[in-house]
Each structure stands twice: as C-alpha cells, then as structure tokens.
Amino acid sequence: MEYIFHLAILFSLFAIFAIALDLVAGYTGLISVCHAAFYGIGAYTTALLVQSVGLNFFFALLIGMLLTGIVALILGLVFSKFKGDYYVLGTLGFTYIAYTVFINWQSVTNGPLGVPGIPRPEIFGLSFSNSWSFLILSAIFVGVVYALARFVVSSSFGRVLRAIREDEEAIAIFGYRTSAFKLLIFIISAMSAALGGGLLASYLTYIDPGTFGITESIFVLSIVILGGLGSLRGPVVGALILVLLPEALRFVGFSPDIAAQMRVLIYGLLLVIMMRYRPQGLLGEYKL
Amino acid sequence: MTYALQTKNLSKVFGGVHAVDHLSISIPKGKITGIIGPNGSGKTTLTNVLTGFHSIDSGALVVGGEKEYERIHSYDVRNLGMTRTFQNVRVFEQMSVLDNILVVLTERGLFASLFDSHTTFHKNTAQEVLTRVGLWEKRNENAVNLSYGQRKLLEIARALAVNADVVFFDEPYAGLFPEMVKLVSGIMQELRETGKTVVLIEHDMALIRELCDHVIVLEAGKLLAEGKPEEVLADSKVIEAYLGA
Amino acid sequence: MDILPQIILNSLIAGSLYALAAMSFNLIYGVSRSFNLAHGVFATVAAYAVLFLAFHTAIPLPLTITLGILMAVLLGYLLERSIFRPLRLRKASNLVLLIASLGASIVVEALIAIFFSSQFQTLSSLLPPFGTLHILGGTLTDLQAFIIICSVVVLGVFWLVLSYTRFGKAVRAVSDDEEVAKIVGINTNAIIGIVFMIGAGVMGLAGILAGFDTGLEPHMGFILLLGAAIAAVVGGVGNVYGAFLGAFILGFAENFGVFFVSGEWKYAIAFGVLILFLLFRPQGILGKK
Numbered sequence: 003m004e005y006i007f008h009l010a011i012l013f014s015l016f017a018i019f020a021i022a023l024d025l026v027a028g029y030t031g032l033i034s035v036c037h038a039a040f041y042g043i044g045a046y047t048t049a050l051l052v053q054s055v056g057l058n059f060f061f062a063l064l065i066g067m068l069l070t071g072i073v074a075l076i077l078g079l080v081f082s083k084f085k086g087d088y089y090v091l092g093t094l095g096f097t098y099i100a101y102t103v104f105i106n107w108q109s110v111t112n113g114p115l116g117v118p119g120i121p122r123p124e125i126f127g128l129s130f131s132n133s134w135s136f137l138i139l140s141a142i143f144v145g146v147v148y149a150l151a152r153f154v155v156s157s158s159f160g161r162v163l164r165a166i167r168e169d170e171e172a173i174a175i176f177g178y179r180t181s182a183f184k185l186l187i188f189i190i191s192a193m194s195a196a197l198g199g200g201l202l203a204s205y206l207t208y209i210d211p212g213t214f215g216i217t218e219s220i221f222v223l224s225i226v227i228l229g230g231l232g233s234l235r236g237p238v239v240g241a242l243i244l245v246l247l248p249e250a251l252r253f254v255g256f257s258p259d260i261a262a263q264m265r266v267l268i269y270g271l272l273l274v275i276m277m278r279y280r281p282q283g284l285l286g287e288y289k290l
Numbered sequence: 009m010t011y012a013l014q015t016k017n018l019s020k021v022f023g024g025v026h027a028v029d030h031l032s033i034s035i036p037k038g039k040i041t042g043i044i045g046p047n048g049s050g051k052t053t054l055t056n057v058l059t060g061f062h063s064i065d066s067g068a069l070v071v072g073g074e075k076e077y078e079r080i081h082s083y084d085v086r087n088l089g090m091t092r093t094f095q096n097v098r099v100f101e102q103m104s105v106l107d108n109i110l111v112v113l114t115e116r117g118l119f120a121s122l123f124d125s126h127t128t129f130h131k132n133t134a135q136e137v138l139t140r141v142g143l144w145e146k147r148n149e150n151a152v153n154l155s156y157g158q159r160k161l162l163e164i165a166r167a168l169a170v171n172a173d174v175v176f177f178d179e180p181y182a183g184l185f186p187e188m189v190k191l192v193s194g195i196m197q198e199l200r201e202t203g204k205t206v207v208l209i210e211h212d213m214a215l216i217r218e219l220c221d222h223v224i225v226l227e228a229g230k231l232l233a234e235g236k237p238e239e240v241l242a243d244s245k246v247i248e249a250y251l252g253a
Numbered sequence: 083m084d085i086l087p088q089i090i091l092n093s094l095i096a097g098s099l100y101a102l103a104a105m106s107f108n109l110i111y112g113v114s115r116s117f118n119l120a121h122g123v124f125a126t127v128a129a130y131a132v133l134f135l136a137f138h139t140a141i142p143l144p145l146t147i148t149l150g151i152l153m154a155v156l157l158g159y160l161l162e163r164s165i166f167r168p169l170r171l172r173k174a175s176n177l178v179l180l181i182a183s184l185g186a187s188i189v190v191e192a193l194i195a196i197f198f199s200s201q202f203q204t205l206s207s208l209l210p211p212f213g214t215l216h217i218l219g220g221t222l223t224d225l226q227a228f229i230i231i232c233s234v235v236v237l238g239v240f241w242l243v244l245s246y247t248r249f250g251k252a253v254r255a256v257s258d259d260e261e262v263a264k265i266v267g268i269n270t271n272a273i274i275g276i277v278f279m280i281g282a283g284v285m286g287l288a289g290i291l292a293g294f295d296t297g298l299e300p301h302m303g304f305i306l307l308l309g310a311a312i313a314a315v316v317g318g319v320g321n322v323y324g325a326f327l328g329a330f331i332l333g334f335a336e337n338f339g340v341f342f343v344s345g346e347w348k349y350a351i352a353f354g355v356l357i358l359f360l361l362f363r364p365q366g367i368l369g370k371k
C-alpha cells in the first residue's frame with residue numbers, strides 16, 4: 003500500500019514537471035532540456051529555507067517559485083535570440099551550468115553531500131508527513147497546475163503561442179511581440195517546475211545535485227514526447243507510463259544498478275522510436 | 009493624389025548586391041497597384057523589407073504621407089496599417105482554420121490576451137472572412153489538411169481579418185483554380201471599393217491588366233517604369249527586361 | 083609566472099582532444115546540417131572496445147586500437163542507416179534529428195554502463211609508464227604530446243582530402259548545397275554515409291586517446307561531444323578548420339579560466355563561452371553569416 007502511494011506521488015510530481023515542460027515545448031515549440039535545473043532551483047530553495055531557516059513549507063515553496071521565475075526571466079532574455087537546434091544547445095548548456103552551481107556552491111547547497119533532513123510540509127498544525135496525506139497534497143498541486151495550464155492554453159494567449167510554434171515570423175507581422183510571449187510562458191513553465199521541485203524535495207527529504215542533471219531533463223522530455231506534445235493529457239499519460247514502467251522492471255529481477263540503467267535505456271529508446279515513427283506522441287497535437 | 013505608402017531612397021543589400029537599390033516609389037491610396045518585374049528584380053525583397061522581415065539598410069518608408077520610418081520591426085507592421093500574404097504560403101499548419109483567423113484577432117498585449125475571451129465580434133469577423141473565401145465549412149480542420157489552393161485562400165482570409173489599410177498580396181494566384189482566381193480578384197476589387205489600398209505582386213500580365221489601376225516595374229532593385237497597365241506593358245524597356253531576363 | 087607554460091600546455095592538450103572531436107563533429111554537421119548529439123558514443127564505444135579486447139583477449143594492442151576505431155566506424159554506419167538517413171529522407175526537421183540523436187546517445191551509454199558498469203576504469207596499464215617531456219618550462223607525458231600531434235595530423239589529412247581529392251570536393255559540394263550536389267550527379271546519400279563513418283572513426287580515435295590519458299566512464303563521450311559542440315559554435319559550424327580553431331579557444335578558455343576559479347567550474351566556463359557566442363556571433367569565428 004505504501005508502495006502504491008509512493009508510485010502515485012512520483013506520478014503526480016512528474017506529471018507536474020511534464021505539464022510545465024509541455025507548455026514551452028509542445029505549445030510554443032521551444033524544446034528545452036534545462037527544466038531539471040528549474041526544479042533543482044525550486045527544490046534547493048524550498049529545502050534550504052525550510053530546513054535551515056525554519057520557514058513554513060508553503061512560503062518557502064512560493065519563494066522558490068519566485069526565485070526560479072527570476073532566473074527564467076534572465077535566461078529567457080538570453081535565449082530569446084536562439085532558434086531551433088541552437089535553442090536546445092543553449093538550454094543544454096544552462097543545465098550543466100546549474101548543475102555546476104549546485105555541486106560547487108558548497109557554502110549554500112552543501113555540494114555533493116546534498117541537503118538531508120528536509121521536513122515534510124506543515125500548515126495550520128496539519129502535517130503532511132505520511133504518504134497518504136502527502137499524496138493528497140500532491141494531487142491538489144497537480145490539479146492546480148493542470149488547471150493553470152488549461153487556462154493558459156485555452157486562452158487567446160495560448161493560441162498565439164501555438165501560432166508562434168507554427169511560424170513565428172508570420173504571427174509577428176500581425177502585431178504580436180513574440181519574444182514577450184515566449185518569455186512569459188517560459189517563466190510560467192519554470193515556476194511550475196519549481197513548484198514540483200519543492201514538493202519533490204519535501205517528499206524525498208533529501209536532495210543532491212545528481213537529481214537535477216541532464217538525465218532528469220531528458221527523462222521529462224521523454225515523458226512529454228511519449229505522451230504527446232501540445233496536449234495536456236499527453237504529459238499526464240506519459241508520466242503514468244514512464245513512472246510505472248521502471249517499477250515493472252524491478253519485478254523482473256534486475257539488480258538496482260542495472261535497473262537504473264535500463265530505465266535510462268528505455269527513455270532513450272523511446273525518444274528514438276517516437277521520432278522515427280510517431281513524432282506527435284500518443285496523444286499529442288503537435289507533430290515535431 | 010494621396011499616397012498610402014512611399015519609399016524614399018530605400019536600399020537593401022545582400023552580400024554586396026543591392027536587392028533593393030535606392031528605390032523611391034509611391035503607392036497610391038485606395039487603388040490596386042501592381043508591382044511586376046523579372047525574377048530577382050526585388051519585388052519580394054521589397055515586400056519583405058516593408059513588412060519587417062529584413063532590416064532597411066538605408067532610406068525610409070513613409071506611411072500616409074506623414075510619418076517616416078527608418079526601422080520597421082515585424083510587430084510594427086500591423087500598427088502601420090499593413091498586412092500581407094506570402095508567396096510560399098505560411099499558414100499555421102497544425103492549427104484549425106478557425107484558429108488561424110481567431111489568432112490574429114487576439115488582443116496584442118501579453119496579459120490582455122491571457123484574459124481575452126473571444127467576443128462575438130471576433131467570432132463574427134472570423135465567420136465573415138472565412139465565408140468570403142469559402143472555408144467556413146472547413147473551420148475545424150487543421151490547416152495542414154487543406155489543399156494548396158485552400159491554404160492560399162486561408163492566408164487571404166487571415167489578411168482580410170485584420171482590416172488593414174494596405175494589403176500586400178505576394179503572388180496570390182499561383183496554383184489556384186479558375187474559380188478561386190475569380191474569387192481572389194473579386195476580393196481585391198472589394199477592398200478597393202471600401203477605400204483600402206492593394207499592392208499586388210504578380211507575374212500574370214493578364215491579371216495585372218485586368219485589375220491594376222497603377223503598375224510599378226522593378227528591375228535589379230531599381231524602378232524601371234510606372235504608370236497605367238497598358239502603357240507600362242507596352243513599354244519597350246519593360247518588354248526587354250522580361251525577354252532578356 | 084612560471085605556471086603559465088604549464089597552463090598553455092594543458093590548454094594545448096585539452097584543445098587537441100576537443101579538436102579531434104570537433105573536427106569530426108563539424109565534418110558530419112557540414113553534410114547533414116544537423117547536430118548529431120550521438121557523436122560522443124563513437125568515442126565511448128571505441129574506448130570500451132579497446133578496454134574489452136585488451137583485457138579479455140590476447141590480441142596485441144595496436145590491433146585492438148584499430149578494432150576499437152573500426153567499432154566506432156561500424157556504429158556510425160548503423161546509426162546513420164537506421165536512424166538518421168530515414169529521418170533525413172522524410173525531411174524531418176532538425177529538432178527531430180537532434181532529439182533522435184540524443185535518444186541514441188542515451189541508449190548506447192546505458193548499454194555500456196550495463197555491460198561495463200559505471201565505474202571509472204583506465205587503460206594506462208596497457209602501456210609502459212609514460213615518459214615525461216619538458217617543454218618551455220612545463221611538463222607533459224609522451225601520450226599527451228602524441229595527442230597534440232594527432233590533432234594536427236588529422237587536420238592536415240582533412241585539409242588534403244577536402245581540398246585535393248575528388249571525394250573531398252564531393253563532400254564540400256554536399257556541404258554547400260545538397261540539392262545542387264544531387265543535380266550535378268553526386269550520390270549525396272553515399273557521401274553522407276561515408277562522412278559519417280569517417281567522423282565516427284576520428285571520434286573513436288579521440289575516445290581511445292582520452293581513455294589512455296584520463297580513463298573511461300560511460301559519459302566520457304558525451305562530455306567530449308559537448309566540447310565539440312561548443313568548439314563548433316565558436317569556430318564556425320560545419321567548418322572543419324573552424325572546429326580546430328574553436329577547440330583550442332575552448333581549451334585555452336577552460337584552462338586559463340580554472341586558474342582564476344576552482345577546477346569544478348570548468349563546465350560553467352565552457353558553457354558560458356557557448357552562450358556568449360550564440361548571443362553575439364552564432365555563426366562562429368570562421369562561419370558565414
């Protein structure tokens with residue numbers, strides 16, 4: 003039972019990350035592989051504020067989101083000139099820069115040793131320390147993120163994003179400052195990812211830089227590509243499949259190390275197979 | 009005669025070659041002006057410069073006889089009262105026909121668009137322009153599923169939707185069936201009747217003769233001739249430019 | 083400042099490895115017009131092949147090295163035929179190719195980690211202890227000097243082949259404009275396939291050299307690839323000579339940079355350079371606008 007809660011919580015967290023990435027990759031056509039850095043910033047900020055300063059989890063989460071939003075603003079401005087493959091390369095670069103900061107800024111992040119002992123959320127005397135209550139909390143957050151994403155993509159703003167994805171120059175001459183649109187969605191996406199990151203930190207009660215590297219970014223990208231770019235159900239379905247699949251592997255009897263590598267192998271294979279045979283993913287609206 | 013647009017000594021250089029060479033032309037308001045010239049004469053480059061796709065290297069654009077602009081960003085184009093269609097059709101492929109129109113009717117501010125609930129006005133405008141080009145029944149189809157001709161019509165509907173004062177049609181007739189040709193010509197004439205300015209870039213001389221009030225001929229980025237269609241098309245310089253090209 | 087010569091030498095060594103990676107990367111980019119993020123696996127596979135063959139068979143070292151490079155070439159052929167060519171033929175966008183190459187990279191790396199474990203391993207026991215050379219006040223091992231020489235030799239070979247052979251001219255034609263090359267009668271698919279294999283081979287060489295110099299782990303190729311990509315952007319994408327230049331600029335930037343900040347910030351510096359160039363001169367130093 004505990005195990006099922008655990009899976010459900012992981013699924014919720016990755017659903018949040020995937021929806022956040024889809025806003026940028028699927029709806030706006032900006033393939034970013036730096037989202038792991040955003041949940042890293044969210045995770046570290048929340049974790050440190052709660053654990054060292056004793057700030058309430060929900061406030062810490064909010065501050066984590068704001069901080070990530072600011073980083074995304076700066077990053078978005080820098081990346082706004084990059085097109086296509088160069089954009090991917092730029093975000094790849096940032097992932098490594100963020101990772102380097104996590105691992106080397108030892109005075110703040112404690113470097114490779116990570117941040118242990120992160121407490122579970124608490125509010126008004128309610129503590130979310132057991133799996134059941136944490137699951138409820140994450141479910142609520144998934145609902146919030148999903149609703150927010152739905153609001154954004156069904157609005158006229160969302161329509162402009164899709165037009166930007168299809169042909170940025172063409173929509174620009176109709177009077178739309180495309181760089182501003184791209185920047186805003188990038189910030190919204192980053193802040194959502196940070197939300198997930200804070201939750202993740204609190205759930206695992208321990209984080210280290212390894213959790214937020216390029217592999218994680220690619221994992222979330224695989225989820226979105228499998229589930230389907232440009233739809234909201236796609237990331238959710240993708241998260242479901244890709245969280246459950248590795249667990250199925252455990253039962254096949256691989257050793258933990260090998261299982262971990264098999265998990266990575268599957269993501270990579272999925273990316274190749276999807277690109278080759280079904281670029282729009284299972285439920286997607288956008289064919290790369 | 010008032011001019012909707014004028015260029016003053018406009019130049020655009022690519023790799024040392026003047027695609028547009030110190031060009032000064034005037035587009036009369038409320039008329040259909042054709043821009044013709046052999047391949048490479050600068051017609052599409054000119055259009056691209058005037059609609060913000062390439063930067064102006066020197067010279068300026070004058071809008072409405074008043075304001076001069078030495079720099080035009082893509083997003084300024086609509087504010088300057090211009091819109092256009094593209095020679096290589098650029099519709100929003102993986103969006104529905106209806107969305108292709110609604111998207112250009114959206115509020116242009118970031119936050120305004122977030123809270124913009126497409127009002128009846130927008131929906132009516134979309135229905136109007138789509139019906140005009142005969143695509144209303146296909147409004148929920150993704151643009152990628154339309155035929156080539158239908159996509160061209162969609163682009164035209166999109167341009168009509170923004171109700172711009174000056175509409176550039178860049179080779180709108182290529183690949184269209186005869187009924188569609190008539191439809192497009194009809195649209196241009198209607199625009200003229202409502203006081204809009206039409207700029208038509210075309211190769212088909214019969215259509216130029218039929219539709220245009222005024223014709224401008226470019227060659228190698230420079231003005232070669234201009235005037236009424238019959239005059240220009242009989243001009244020996246023009247004939248030579250086309251034959252020699 | 084007597085540490086300067088050493089930093090210069092370190093820069094040259096780093097630059098040489100990057101140069102091999104970057105030249106091969108750019109060669110492939112030139113003809114295929116897409117970033118092959120799987121390029122790193124050629125290095126990894128070659129190095130691990132040598133590891134396997136040298137420690138588990140009695141095959142003499144020079145032959146294992148050759149076989150290692152051949153394995154990289156074979157992998158290049160397989161990847162090109164099964165993934166990149168079909169995508170290219172159906173006119174898939176660059177993003178699709180990029181993501182597919184990323185996926186392929188992950189798959190190969192995971193396979194290597196499964197069969198060889200993620201532990202750091204070395205090849206240095208296969209060679210007699212390296213002698214050290216003292217040049218201009220710094221030291222480097224003979225292997226490192228060999229690496230530097232290799233990079234220059236490969237540059238020279240590329241230059242000769244590209245400039246003076248029919249094959250090289252065909253490659254340049256395809257790099258300039260694939261459509262026109264086809265019209266002129268060049269079998270562009272075959273050329274691209276061969277270039278892929280050559281690029282893979284050179285990258286394999288880089289991997290083996292890196293394996294001898296610093297050791298192996300499953301991500302080593304990806305790291306070389308990142309350096310190659312940065313060098314490519316800095317020097318000029320698609321341009322083999324630009325790659326050579328960019329590689330050394332990167333090598334110098336990294337080594338002089340870590341002199342001022344501690345060693346672990348190496349990545350940050352490298353990617354900082356990348357982002358600066360993407361911002362201000364995306365076509366690179368030798369690239370055309």
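Protein chains in written order, with the numbering used here: chain L, 3 to 290; chain C, 9 to 253; chain S, 83 to 371.
Cβ coordinates follow ideal geometry from the N, Cα and C atoms, glycine included.
query = Looking only at its own chain, which residues have a Cβ that is under 8 angstroms from the Cβ of S:L169, when we skip the five neighbours before and after it?
reply = As a position in the third sequence, residue 169 of chain S is number 87, starting the count at 1. Excluding positions up to five away in sequence, the list reads V178, L179 and A182.
key: Of the listed residues S:I290, S:S207, S:L358 and S:I147, nearest to S:I229 (C-alpha basis)   = Within the third sequence, numbered from 1, the residue matching residue 229 of chain S stands at position 147. That would be S:I290, whose Cα lies nearest to the Cα of S:I229.
inquiry  = Short of 8 angstroms in beta carbon distance, which residues of its chain neighbour L:P119, apart from the five on each side in sequence? Order them along the chain.
reply    = Taking the first residue of the first sequence as position 1, residue 119 of chain L is located at position 117. According to the sequence displayed, residue 119 of chain L carries Gly and not Pro. Around L:G119: Q53, T207 and Y208.
task = Could you give the DSSP three-state label for L:H37: helix, strand or coil?
result = Reading the first sequence from its first residue, position 35 is the one you call residue 37 of chain L. Helix at L:H37.
task = Could you tell me which chain S residues have their CB closer than 8 angstroms to the CB of L:V226, listed as they occur along the chain?
result = For the purposes of this step, residue 226 of chain L is taken as the residue at position 224 of the first sequence. Identification of chain S residues near L:V226 by a Cβ-Cβ cut-off of 8 angstroms yields none; the smallest Cβ-Cβ distance measures about 11 angstroms.
key: Closer than 9 angstroms at the beta carbon, the chain S residues around L:V80   = By one-based count along the first sequence, residue 80 of chain L stands at place 78. The contacting residues are I357, L360 and L361.
query = Should L:Y88 be flagged as near chain S, meaning a C-beta pair shorter than 8 angstroms?
reply = Indexing the first sequence from 1 puts residue 88 of chain L at position 86. Yes, its Cβ sits closer than 8 angstroms to a Cβ of chain S.
inquiry  = Could you check whether the Cβ of L:N106 sits closer than 8 angstroms to any Cβ belonging to chain S?
reply    = Looking up residue 106 of chain L in the first sequence gives position 104. At least one chain S Cβ lies under 8 angstroms of L:N106.
key: Closer than 8 angstroms to chain L by CB, S:W241   = As a first step, residue 241 of chain S is located in the third sequence; it is residue number 159 there, counting from the start. For S:W241, no Cβ of chain L is located within less than 8 angstroms of the residue's own Cβ.
key: Beta-carbon neighbours of L:L186, restricted to chain C and to distances below 7 angstroms   = Indexing the first sequence from 1 puts residue 186 of chain L at position 184. Residues of chain C passing the Cβ test: L118.
message = Rounded to the nearest angstrom, what separates L:I6 and L:L137 at their Cα positions?
response = Taking the first residue of the first sequence as 1, we reach residue 6 of chain L at position 4. Taking the first residue of the first sequence as 1, we reach residue 137 of chain L at position 135. Each residue's alpha carbon lies about 10 angstroms from the other.
query = What is the DSSP secondary structure of C:S19, reduced to helix, strand or coil?
reply = Walking along the second sequence from the start, residue 19 of chain C turns up at place 11. Strand, per DSSP.
inquiry  = What does the alpha-carbon distance come out to for the pair L:T111 and C:N132?
reply    = Here residue 111 of chain L refers to the residue found at position 109 when the first sequence is read from its first residue. Here residue 132 of chain C refers to the residue found at position 124 when the second sequence is read from its first residue. Approximately 57 angstroms between the Cα atoms of the pair.
request  = Reducing DSSP to helix, strand and coil, say where S:V243 ends up.
outcome  = One-based indexing of the third sequence puts residue 243 of chain S at position 161. If DSSP states are grouped into helix, strand and coil, S:V243 belongs with the helices.
message = How far does the beta strand (DSSP E) with C:F177 in it extend, from its first residue to its last?
response = As a position in the second sequence, residue 177 of chain C is number 169, starting the count at 1. Counting along the chain, the beta strand (DSSP E) containing C:F177 begins and ends at V174 to D178.
ask   = When you compare only the Cα positions, how much space is there between L:L25 and L:E249?
value = If you number the first sequence from 1, residue 25 of chain L lands on position 23. If you number the first sequence from 1, residue 249 of chain L lands on position 247. Each residue's Cα considered, the two are about 27 angstroms apart.
request  = Could you tell me how far apart the beta carbons of L:G200 and L:L63 are, in whole angstroms, since I believe they sit closer than 8 angstroms?
outcome  = Residue mapping note: residue 200 of chain L aligns to position 198 of the first sequence, counting from 1. Residue mapping note: residue 63 of chain L aligns to position 61 of the first sequence, counting from 1. That belief holds up - the Cβ atoms of L:G200 and L:L63 are roughly 4 angstroms apart, short of 8 angstroms.
key: chain S residues whose Cβ lies nearer than 9 angstroms to that of L:I220   = Residue 220 of chain L sits at position 218 when you count from the first residue of the first sequence. Neighbours of L:I220 on chain S, chain order: L184, G185 and I188.
key: Neighbouring residues, chain L, relative to S:V127 (Cβ below 9 angstroms)   = As a position in the third sequence, residue 127 of chain S is number 45, starting the count at 1. In chain order: nothing, as chain L lies at least about 15 angstroms away.
ask   = Looking only at C-alpha atoms, which of L:G113, L:F16 and L:L285 sits nearest to L:S140?
value = By 1-based counting over the first sequence, the position of residue 140 of chain L is 138. Of the listed residues, the one whose Cα sits closest to L:S140 is L:F16.
inquiry  = If you measure between the beta carbons of L:G71 and L:A195, is that distance less than 8 angstroms?
reply    = As a position in the first sequence, residue 71 of chain L is number 69, starting the count at 1. As a position in the first sequence, residue 195 of chain L is number 193, starting the count at 1. No, the Cβ-Cβ distance between L:G71 and L:A195 is not below 8 angstroms.
inquiry  = Can you tell me whether L:V274 is helix, strand or coil according to DSSP?
reply    = The count along the first sequence starts at 1 and reaches residue 274 of chain L at position 272. Helix, per DSSP.
query = Helix, strand or coil for C:Y11 per DSSP?
reply = Within the second sequence, residue 11 of chain C is the residue found at index 3, counting from 1. It is a strand residue.
request  = Please report the residue range of the alpha helix (DSSP H) in which C:P237 lies.
outcome  = Position 229 of the second sequence holds residue 237 of chain C. P237 to A242 is the extent of the alpha helix (DSSP H) around C:P237.
ask   = Between the region 333 to 342 of chain S and the region 84 to 95 of chain S, do three or more beta carbon pairs fall short of 8 angstroms?
value = yes
message = With H, G and I counted as helix, E and B as strand and the rest as coil, what does DSSP make of C:E74?
response = Stepping through the second sequence from its first residue, residue 74 of chain C is reached at position 66. Of the three classes helix, strand and coil, the one that applies to C:E74 here is coil, per DSSP.
ask   = DSSP beta-bridge partners for C:R92?
value = The residue labelled residue 92 of chain C in the question sits at position 84 within the second sequence. C:R92 is bridged to C:F176.
message = I want to see whether chain C comes within less than 8 angstroms of L:G177, judged by CB atoms only; does it?
response = In the first sequence, residue 177 of chain L corresponds to position 175, counting from 1. Cβ-Cβ to chain C under 8 angstroms: yes for L:G177.
query = Residues of chain L with a CB under 8 angstroms from the CB of C:D124: which are they?
reply = To locate residue 124 of chain C, count along the second sequence from 1; it is residue 116. Within chain L, the residues near C:D124 are S157, S158 and F159.
key: Unbroken stretches of the beta strand (DSSP E), 3 residues or longer, contained in the region 40 to 105 of chain L   = none
task = Indicate whether L:N106 and L:G113 have their beta-carbon atoms separated by less than 8 angstroms.
result = Counting from 1 along the first sequence, the entry for residue 106 of chain L is found at position 104. Counting from 1 along the first sequence, the entry for residue 113 of chain L is found at position 111. Contact flag set, yes.
query = Would a check of beta-carbon distances place L:G2 closer than 8 angstroms to chain S?
reply = Residue 2 of chain L cannot be examined here, being either before or after the span of chain L that is shown, 3 to 290.
query = Among S:N176, S:L356, S:T296 and S:G238, which has the Cα closest to the Cα of S:V203?
reply = If you number the third sequence from 1, residue 203 of chain S lands on position 121. The sequence given here places Gln at residue 203 of chain S; Val does not occur at that position. Measuring from the Cα of S:Q203, the nearest candidate turns out to be S:T296.
inquiry  = Can you tell me whether C:N132 is helix, strand or coil according to DSSP?
reply    = Along the second sequence, one-based indexing puts residue 132 of chain C at 124. DSSP places C:N132 in helix when its eight states are reduced to three.
request  = To the nearest angstrom, report how far apart C:G183 and C:N153 are at their CA atoms.
outcome  = Locating residue 183 of chain C in the second sequence gives position 175, where the first residue counts as 1. Locating residue 153 of chain C in the second sequence gives position 145, where the first residue counts as 1. If I take the Cα positions, the gap works out to 17 angstroms.
ask   = Using the rule of at least 16 other Cβ atoms within 10 Å of the residue's Cβ for burial, across every protein chain shown, is S:Q140 buried or exposed?
value = The sequence position of residue 140 of chain S within the third sequence is 58, counting from 1. One point to set straight first is that residue 140 of chain S is Ala, not Gln, in the sequence displayed. Under this definition S:A140 is an exposed residue.
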